[in-house]
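>
2 protein chains.
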Amino acid sequence: MKWSEIGGTPCSVARALSVVGDRWVLLVLREAFMGVRRFEDFRSRTGMSRRVLAERLTALVEEGVFERRAYSDRPERFEYRLTAKGRDLYPVLVALLNWGDHWMADEEGPAVELVHDPCGATVHPVQTCPRCGQAIDPRAMTPVLKRDLRAT
Amino acid sequence: MKWSEIGGTPCSVARALSVVGDRWVLLVLREAFMGVRRFEDFRSRTGMSRRVLAERLTALVEEGVFERRAYSDRPERFEYRLTAKGRDLYPVLVALLNWGDHWMADEEGPAVELVHDPCGATVHPVQTCPRCGQAIDPRAMTPVLKRDLRAT
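Those sequence lines, one after another, are chains U and X. Residues in the first sequence are numbered from 1 upward in steps of one, following our numbering. Residues in the second sequence are numbered from 1001 upward in steps of one, following our numbering.
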């Protein structure tokens, strides 16, 4: 199967990956969640080439993850703001950050820490069950298949 | 910057992406969390080519995400089991699933549902603060930069 066909499968993971299953996209999102909005800032902070960055930003605007807004008329300049759909990707980035901090750390410790403003704590957010509040253990989760994941 | 250099940056997100920032890898992990362990099952369920699948599995074994274990001597056959490091990627997959269910669903509803065994509820796990227990809102999180993310 080609990747272009995967987005057509009924699996939500595969559909999500058709938009964000790309390391450059996820690096751009990391910067967006750090407050970056402008092309040149994305470029200098990620080290991406202009071509690759422009391509990814265009695709993310088409998918509704970013909204492209003019912030200057002369010269015409645009910024890229996360939409609600884009902000909802935050848990994906946090999950990657947590995993990297835990399994790929070096002796200098994390490069970025997250402070939860309402309580002031520096935290690694955890996934919990919205019904009972317990922390999620993958071995205590049963995936129930409703449809064949390959069918279109 | 080339992607091969990104894994050397101090950012945990980038380091995580150097291992799992690839849609095929994430699709393989999806299957592993559904209980798949054998090459032929990964292949038939994802539609990946043998070459791409073999390459990804080898890399994931090298990274310590899977452990490769013989389950048959004649013929010699191996299975791929998630290690603790691999199981810790579950929140990444769940976050992608949640996002796909919410933003890329079709009228037939989710193809996979998750049941939290201890309480029996079908759920979309949520990220919460381990200190105060509140659900995480990205706008209530402040990233604190400890080091330049580009430095090596």
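Backbone N, C-alpha and C define an ideal beta-carbon position, used for all residues, glycine too.
If L89/U sits next to W1024/X, beta carbons under 8 Å apart, how far is it from one beta carbon to the other, in whole angstroms?
Not quite, the Cβ-Cβ distance comes to about 20 Å (not below 8 Å), so this is no contact.
> Can you tell me where the beta strand (DSSP E) with E108/U in it begins and where it stops?
Premise fails: E108/U is in no beta strand (DSSP E) and is neither H nor E.
> Scan the region 25-42 of chain U for residues whose Cβ lies nearer than 7 Å to a Cβ of chain A and list them as they occur along the chain.
Among the protein chains in the structure shown, which are U and X, there is no chain A.
> Mapping DSSP to helix, strand and coil, what is D88/U?
Three-state result, D88/U: coil.
> If you follow the alpha helix (DSSP H) that R74/U is in, where does it begin and where does it stop?
Counting along the chain, R74/U falls outside any alpha helix (DSSP H), and DSSP gives it neither H nor E.
> With a threshold of 16 other CB atoms inside 10 Å of the CB of V1144/X, please say whether the residue is buried or exposed.
Flag for V1144/X reads exposed.
> To the nearest angstrom, how far is the alpha carbon of V1123/X from that of V94/U?
Each residue's alpha carbon lies about 19 Å from the other.
> Could you have a look at H1102/X and say whether DSSP puts it in helix, strand or coil?
Correct three-state label for H1102/X: helix.
> Note down, in chain order, each residue of its chain lying with its Cβ closer than 6 Å to the Cβ of R1077/X, except the 5 sequence neighbours on either side.
Here the set comprises Y1071.
> Quick one: using the 10 Å Cβ neighbour count with 16 as the cut-off for buried, is D1101/X buried or exposed?
Answer is buried; the Cβ neighbour count reaches 16.
> Using CA atoms only, rank isn't needed, just tell me which of E1031/X, G1035/X, D1073/X, R1069/X is closest to L1053/X.
That would be E1031/X, whose Cα lies nearest to the Cα of L1053/X.
> Quick check: Q1134/X and P91/U, are their CB atoms within less than 7 Å of each other?
No, the pair does not count as a contact, with Cβ atoms beyond the cut-off.
> Alpha carbon to alpha carbon, how far is K85/U from F66/U? Give it in angstroms, no decimals.
Going by the C-alpha atoms only, they are around 8 Å apart.
> Reducing DSSP to helix, strand and coil, say where D1041/X ends up.
Note: D1041/X maps to helix in three-state DSSP.
> Using the three-state DSSP reduction, which class does T1142/X fall into: helix, strand or coil?
T1142/X: strand per DSSP, three-state reduction.
> Check the DSSP bridge columns for L1082/X and list the partner residues they point to.
According to DSSP, which records beta bridges pairwise, L1082/X is partnered with F1066/X.
> Between V112/U and L29/U, what straight-line distance do the alpha-carbon atoms span, to the nearest angstrom?
For V112/U and L29/U, the distance between alpha carbons rounds to 15 Å.
> Report back the beta-carbon spacing between M1141/X and L114/U to the nearest angstrom; my notes put them in contact at under 8 Å.
Confirmed, about 5 Å.
> So if DSSP puts A1121/X in a beta bridge, which residue, or which two residues, is it bridged to?
Answer is H1116/X, bridged to A1121/X.
> So V1013/X and L60/U are supposed to be a Cβ contact under 8 Å. How far apart are they, rounded?
V1013/X to L60/U, Cβ: 17 Å. No contact.
> How would you list, in chain order, the residues of chain X whose beta-carbon sits under 9 Å from the beta-carbon of D22/U?
Neighbours of D22/U on chain X, chain order: G1021, D1022, R1023.
> Using a Cβ cut-off of 7 Å, which residues of the region 1050-1062 of chain X contact any Cβ in chain U, in chain order?
So the list is empty, because no residue satisfies the distance condition.
> If we cut at 7 Å on Cβ distances, does C1147/X have a partner in chain U?
Note on residue identity: the sequence assigns Arg, not Cys, to residue 1147/X. True, the Cβ-Cβ gap to chain U drops below 7 Å.
> What is the DSSP secondary structure of T1152/X, reduced to helix, strand or coil?
The predicted model places T1152/X with a pLDDT of 47, which falls under 50 and marks its position as unreliable; any figure quoted below should be read in that light. It is coil, neither helix nor strand.
> I'd like the list of long-range same chain contacts for E79/U, defined as Cβ closer than 6 Å, with 5 residues on each side in sequence excluded.
If we look at E79/U and ignore the five residues flanking it on each side, its Cβ neighbours are R37, R38, R69, Y71.
> Given G1064/X, which residues of its chain have a CB within under 7 Å of its CB, disregarding the five upstream and five downstream residues?
So the list reads T1083, K1085, once near-sequence residues are dropped.
> Taking 8 Å as the limit between beta carbons, can you name the residues of its chain near F33/U, skipping five residues before and five after?
Contacts found: L82, Y90, L93.
> Considering only the beta carbon of each residue, do T1046/X and L1027/X sit closer than 7 Å?
Yes, they are a contact pair.
> Between which two residues does the alpha helix (DSSP H) carrying V13/U extend?
It spans 12-20 - the alpha helix (DSSP H) in which V13/U sits, taken as one unbroken run.
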